[in-house]
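In the working numbering, the protein residues as written are 413 to 736.
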């Protein structure tokens, strides 16, 4: 029997991936740590596991043939910087080592476009071939994901069959109080500021489909950018607001105003006992203009098509409104 392991299975992407795997009739050992699972099925075996505990990882890897490594720590707060960098690397190292020891057939590692290099004047599109550069502008999350990728490449050099996906900002149904899903909450609350930044975006269901396609293929030792397209933050927030009949952002936040907005966001979050939407790192990211090249995956899988971001935003906005 084919037994599949999914790390971070109770998280945003993990939940959607589980649903897709169950539809295919696959038996899944689903790992969770802090976030309690919400999705139950007869084909799913839920196991609590701290990926930083190498002995726990060794135990859950027994009998596994395929691994989807979705787990990651995501935070853009300065106080979490060291933890985000080191734990994302260490957890991935443990998964890679125990996959090798258990004789796993294949591993799909979920990375991020944040782990890619930066565009140059000669190469305006960022692709799988863009070289990583050390920079003070790299977020802790980007550094952690990059170093996690290095652990996967090390594992491949040691004999592990693996491939890597680099999704853009993932949108989809989920917990609207955290992660990228929190953007819908901000749009609903009529967050007034917008930047001129551009980034790559993708539907969570497309990421799950792409991961499974890659797992089922014979492809190893490759990585793929997964984005539907490149869209400005202003457009994304405007689509969200319009879909929920709310007022779209209307105040341009240059570098100075972004700093002011970040300070007020922090004060507001502090009173509410929540994490701030804006931090120094998220503001810097929202100001950046980054265009990503998604051609490689589409050329490898010519039958694959992405859901348009407008359609994704409309679908998820309906779900958000049903759950507020």
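We put the beta carbon where it would ideally sit given N, CA and C, even for glycine.
CA-to-CA, the gap between residue 453 and residue 548 works out to about 45 angstroms. Rounded to the nearest whole angstrom, the CA to CA distance from residue 434 to residue 476 is 16 angstroms. For residue 450, no beta strand (DSSP E) run applies, since DSSP gives it neither H nor E. According to the DSSP assignment, residue 478 belongs to no alpha helix (DSSP H) but to the beta strand (DSSP E) extending over 478 to 481. For residue 462, there is no enclosing alpha helix (DSSP H), as DSSP marks it with neither H nor E. In this structure, residue 577 keeps its C-beta atom at 8 angstroms or more from the C-beta atom of residue 616.
The Cβ neighbour count for residue 460, taken over all protein chains shown within 10 Å, is under 16; the residue is labelled exposed.
If you draw a 10 Å sphere on the C-beta of residue 556, you find 16 or more other C-beta atoms in it, and that means buried.
DSSP, reduced to helix, strand and coil, places residue 426 within a helical segment of the structure shown. If you draw a 10 Å sphere on the C-beta of residue 717, you find fewer than 16 other C-beta atoms in it, and that means exposed. Shown here, residue 541 sits in coil according to DSSP, grouped into three states, outside any helix or strand. Less than 8 angstroms divides the Cβ of residue 726 from the Cβ of residue 655. By the criterion of at least three beta-carbon pairs nearer than 8 angstroms, the stretch 417 to 425 is in contact with the stretch 583 to 592. Here residue 628 is exposed, its C-beta having fewer than 16 other C-beta atoms within 10 Å. Taking all protein chains shown into account, residue 575 has 16 or more neighbouring C-beta atoms within 10 Å of its C-beta and is therefore buried. With respect to residue 639, residue 525 sits close: the two C-beta atoms are nearer than 8 angstroms.
Taking 3 residues as the shortest admissible run, the stretch 567 to 613 contains the following complete beta strand (DSSP E) segments, listed from N- to C-terminal end: 574 to 579, 581 to 583. Restricting attention to 503, 580, 486, 499, the CA atom closest to the CA of residue 553 is found in 486. In its chain, beyond the 5 residues on either side, 607, 609, 645 have a beta carbon closer than 6 angstroms to the beta carbon of residue 698. Pairing residue 539 with residue 637 gives a Cβ-Cβ distance under 8 angstroms. Under DSSP, residue 442 forms a beta bridge with 418, 458. The three-state reading of DSSP puts residue 635 in strand, counting E and B together. Judged by DSSP in its simplified three-state form, residue 641 adopts strand. Taking the Cα of residue 440 as reference, the smallest distance to any Cα among 419, 447, 446 is reached at 419. Here the alpha carbons of residue 605 and residue 509 stand approximately 45 angstroms from one another. Here the alpha carbons of residue 531 and residue 503 stand approximately 29 angstroms from one another. With a beta-carbon spacing of about 3 angstroms, residue 612 and residue 580 fall inside the 8 angstroms limit used to define contacts.
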